[in-house]
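Enquirer: Below you will find the structure I want to go over with you.
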Amino acid sequence: MAALSPNGSPVSSASQTPWLFIVGIGEDGRAGLSATAIQAIEGAGLVFGGKRHLELAGPFPGEARPWPSPMTDVYPQILAHQGEKVCVLASGDPFHYGIGAELAKLVPAEEISAFPHVSAFSLAAARLGWSLPDCACVSLHGRALERIVPHLQPDARVLALSWDGTTPERLASLLNERGFGGSDITVLEAMGGPRERVLRAQADSFDLGDIDPLNVIAVRIVAAPEAHVVPLASGLDDTWFENDGQLTKAEIRAITLSALAPRAGNLLWDVGAGAGSVSIEWMLRHPANRAIAVEARGDRAERLLRNASHLGVPDVKSIVGKAPDALKDLPRPDAIFIGGGATGDGVIEACWEALKPGGRFVINAVTLETEHVLNTCFARYGGAMRRIAVSRLDPIGSLHGWRPAMPVTQWWATKP
């Protein structure tokens, strides 16, 4: 493998002359390639790619190397020939949900010469006359179908890369289940080649038969009045979360997310996660965000994952265990929330030690004992405290009155 610098970036070899050529290829094969892209293929001693890619690019004098299984095995094979002329073939734009970005983590950009083709998203938008910047572009290739859920907004336009020929029907079923049955689905097969075909159906009457595994799905979202549209604001209604009572309630959750101050790509530790509502809302703030939910009870951890999948962030990582032991060997977080278990021996100290400089730490307390712990945190680490009291209108016989919830004391601090 290529050596990495302390910050994780690739270390260049002695020569910065490009030796790795990444060529995007479409269904039109060599006819759609530039002269320089063809030259890169023909000048390489080794040409890596899927079987379809190799056939589309052929003939060429170099040795053809089909993708191994698992796919990750290809990286050491490529790096073993560092300095030689090696070509990698990829579908469309290799840096748009493609192998190009993964290779760039291992090989310096100065040693790569790339020839992107038109991406599947660009082709689909052109076929439909859609403005690409106004579309949500999602990859469902090798990823959970539920990742599309946050993009199901009224009148939105979504372009999705399929995993295989069954993806469009599965997506239609998901749309129906969530109240988007009136949505228009267009399936674009093998775009740019002789097998290209465009199929259309409505989600609630989807019946397109056999679909080519190489397809892109375009959806114009139509939401019924009762559709499960995930709101864009934090503090989702409590009914969105399956729970057994261990749930940070909506109003408190909104204030908690504000204190945690999510930033794109940040990692959250949600300690004593319960139903996982804070982890899930953290993930919903930006698609690059990550969350590790630590929960002592296995049944709650399973419920947490169901909630995450239902709300379209199935990549929340769940750890079953009790802090602080369960925190060992986890990647250092940018923010930490303790919703339960703050009184445990060594929990807060372990969290503060693990937190990155500039990281945010938030703890909520409803008991007097935990509130005492927060007073100690304030004295030791600084920060700020506030008490949050919420009352909700409840029926009292035939009339109504305010019923106060238990007040929540919140401490939050930023690590110097």
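Each residue of the sequence shown is one higher than the one before, starting from 1 at the first, in our numbering.
Just so you know, even glycine gets a beta-carbon here, dropped at the ideal spot from N, CA and C.
For clarity, every value in this text was computed on a predicted model and none was experimentally measured.
Whose CA, out of Pro133, Asp325, Gly26 and Ile148, lies closest to the CA of Ala354?
Expert: Your numbering for residue 354 matches position 354 in the sequence shown. It is Asp325 whose Cα lies nearest to the Cα of Ala354.
Enquirer: Measuring straight from C-alpha to C-alpha, what distance separates Asn364 and Glu371?
Expert: The count along the sequence shown starts at 1 and reaches residue 364 at position 364. The count along the sequence shown starts at 1 and reaches residue 371 at position 371. Looking at the two C-alpha atoms, the distance is approximately 8 angstroms.
Enquirer: Which stretch, first to last residue, makes up the beta strand (DSSP E) that contains Ile338?
Expert: The residue labelled residue 338 in the question sits at position 338 within the sequence shown. Ala335 to Ile338 is the extent of the beta strand (DSSP E) around Ile338.
Enquirer: Compare the beta carbon distance of Trp240 and Leu311 with 8 angstroms and say whether it is the shorter of the two.
Expert: Your numbering for residue 240 matches position 240 in the sequence shown. Your numbering for residue 311 matches position 311 in the sequence shown. Cβ distance < 8 angstroms, so Trp240 and Leu311 count as in contact.
Enquirer: Near Thr197, what residues of its chain come up, given a Cβ to Cβ distance below 6 angstroms and the 5 sequence neighbours on each side ignored?
Expert: Mapped onto the sequence shown, residue 197 falls at position 197. Strictly speaking, residue 197 in this sequence is Arg, with Thr absent from that position. Same-chain partners within the cutoff: Glu189.
Enquirer: Check whether the region 165 to 183 and the region 216 to 223 are in contact - that is, three or more C-beta pairs closer than 8 angstroms.
Expert: Output reads yes: the region 216 to 223 touches the region 165 to 183.
Enquirer: Need the endpoints of the alpha helix (DSSP H) that Cys423 sits in, please.
Expert: Nothing can be reported for residue 423: it is not among the residues displayed for the chain, which extend from 1 to 416.
Enquirer: Is the CB of Ala227 under 8 angstroms away from at least one CB in chain B?
Expert: The question asks about chain B, but that chain is absent: this structure has only one protein chain.
Enquirer: Can you tell me the Cα-Cα spacing of Pro59 and Ala254, whole angstroms?
Expert: Along the sequence shown, one-based indexing puts residue 59 at 59. Along the sequence shown, one-based indexing puts residue 254 at 254. For Pro59 and Ala254, the distance between alpha carbons rounds to 59 angstroms.
Enquirer: If you check the beta carbons only, do Val47 and Ala64 fall under 8 angstroms apart?
Expert: Along the sequence shown, one-based indexing puts residue 47 at 47. Along the sequence shown, one-based indexing puts residue 64 at 64. Yes. Within cutoff.
Enquirer: How many whole angstroms separate the CB atoms of Ile41 and Ala57, which I take to be in contact at a CB cut-off of 8 angstroms?
Expert: Counting from one through the sequence shown, the residue named residue 41 turns up at place 41. Counting from one through the sequence shown, the residue named residue 57 turns up at place 57. Yes, Ile41 and Ala57 are in contact; Cβ-Cβ is about 5 angstroms, under 8 angstroms.
Enquirer: Rounding to the nearest angstrom, what Cα-Cα distance links Ile292 and Gln153 in this structure?
Expert: Along the sequence shown, read from residue 1 onward, the residue named residue 292 stands at position 292. Along the sequence shown, read from residue 1 onward, the residue named residue 153 stands at position 153. Whole-angstrom Cα-Cα distance: 27 angstroms.
Enquirer: Restricting to Cα atoms, I'd like to know which of Glu177, Thr343, Ala101 and Pro395 is closest to Thr376.
Expert: What you label residue 376 is simply residue 376 of the sequence shown in a count that begins at 1. Nearest C-alpha to Thr376: Thr343.
Enquirer: Report the rounded CA-to-CA distance for Trp411 versus Ala288, giving the unit in angstroms.
Expert: The count along the sequence shown starts at 1 and reaches residue 411 at position 411. The count along the sequence shown starts at 1 and reaches residue 288 at position 288. Ala288 has its alpha-carbon roughly 27 angstroms from the corresponding atom of Trp411.
Enquirer: Are there 16 or more other CB atoms within 10 angstroms of the CB of Glu295, so buried, or fewer, so exposed?
Expert: Looking up residue 295 in the sequence shown gives position 295. Around the beta carbon of Glu295, a 10 Å sphere encloses 16 or more other beta carbons of the protein chains shown; the residue is thus reported as buried.
Enquirer: Using only the alpha-carbon positions, how far apart do Asp315 and Gly98 sit?
Expert: In the sequence shown, residue 315 corresponds to position 315, counting from 1. In the sequence shown, residue 98 corresponds to position 98, counting from 1. If I take the Cα positions, the gap works out to 19 angstroms.
Enquirer: Gly24 by DSSP, collapsed to three states: which one?
Expert: To locate residue 24, count along the sequence shown from 1; it is residue 24. Gly24: strand per DSSP, three-state reduction.
Enquirer: Kindly identify the DSSP beta-bridge partner or partners of His400.
Expert: As a first step, residue 400 is located in the sequence shown; it is residue number 400 there, counting from the start. Bridge partners of His400: Pro395.
Enquirer: Counting C-beta neighbours from all protein chains within 10 Å, is the total for Lys249 16 or more, i.e. buried, or is it exposed?
Expert: Position 249 of the sequence shown holds residue 249. Lys249 should be labelled buried.
Enquirer: Using only CA atoms, which one of Leu368, Val88 and Ala203 lies nearest to Gly43?
Expert: Locating residue 43 in the sequence shown gives position 43, where the first residue counts as 1. If we check each option's Cα against that of Gly43, Val88 comes out closest.
Enquirer: Would you decide whether Arg380 is buried or exposed? Buried here means 16 or more other CB atoms lie within 10 Å of its CB.
Expert: Within the sequence shown, the letter at position 380 stands for residue 380. Exposed, by the Cβ-count rule.
Enquirer: So, helix, strand or coil for Val408, using DSSP?
Expert: Residue numbering aside, residue 408 sits at position 408 when the sequence shown is read from its first letter. Strand at Val408.
Enquirer: Pick helix, strand or coil for Met191, following the three-state DSSP scheme.
Expert: Against the sequence shown, residue 191 aligns to sequence position 191. In the structure shown, Met191 sits in coil (DSSP, three-state: anything other than H, G, I, E or B).
Enquirer: Within 10 Å of its beta-carbon, does Ser5 have 16 or more other beta-carbons around it, so buried, or fewer, so exposed?
Expert: The sequence position of residue 5 within the sequence shown is 5, counting from 1. In this predicted model, Ser5 has a pLDDT of only 49, less than 50, meaning its place in the structure is not dependable; the value taken from the coordinates is given anyway. By the 10 Å Cβ count, Ser5 comes out exposed.
Enquirer: For Arg170, I'd like the list of residues in its chain whose CB is within less than 7 angstroms of its CB, leaving aside the five on either flank, ordered along the chain.
Expert: Along the sequence shown, one-based indexing puts residue 170 at 170. Leu145, listed in sequence order.
Enquirer: Comparing the CB of Phe206 with every heavy atom of the ligand FMN, is any distance shorter than 7 angstroms?
Expert: Annotation note on the ligand FMN: not contained in the displayed structure, which lists no ligands.
Enquirer: Check the DSSP bridge columns for Lys317 and list the partner residues they point to.
Expert: For this step, residue 317 is matched to residue 317 along the sequence shown. In the DSSP output, where bridge partners are listed per residue, Lys317 has Ile292.
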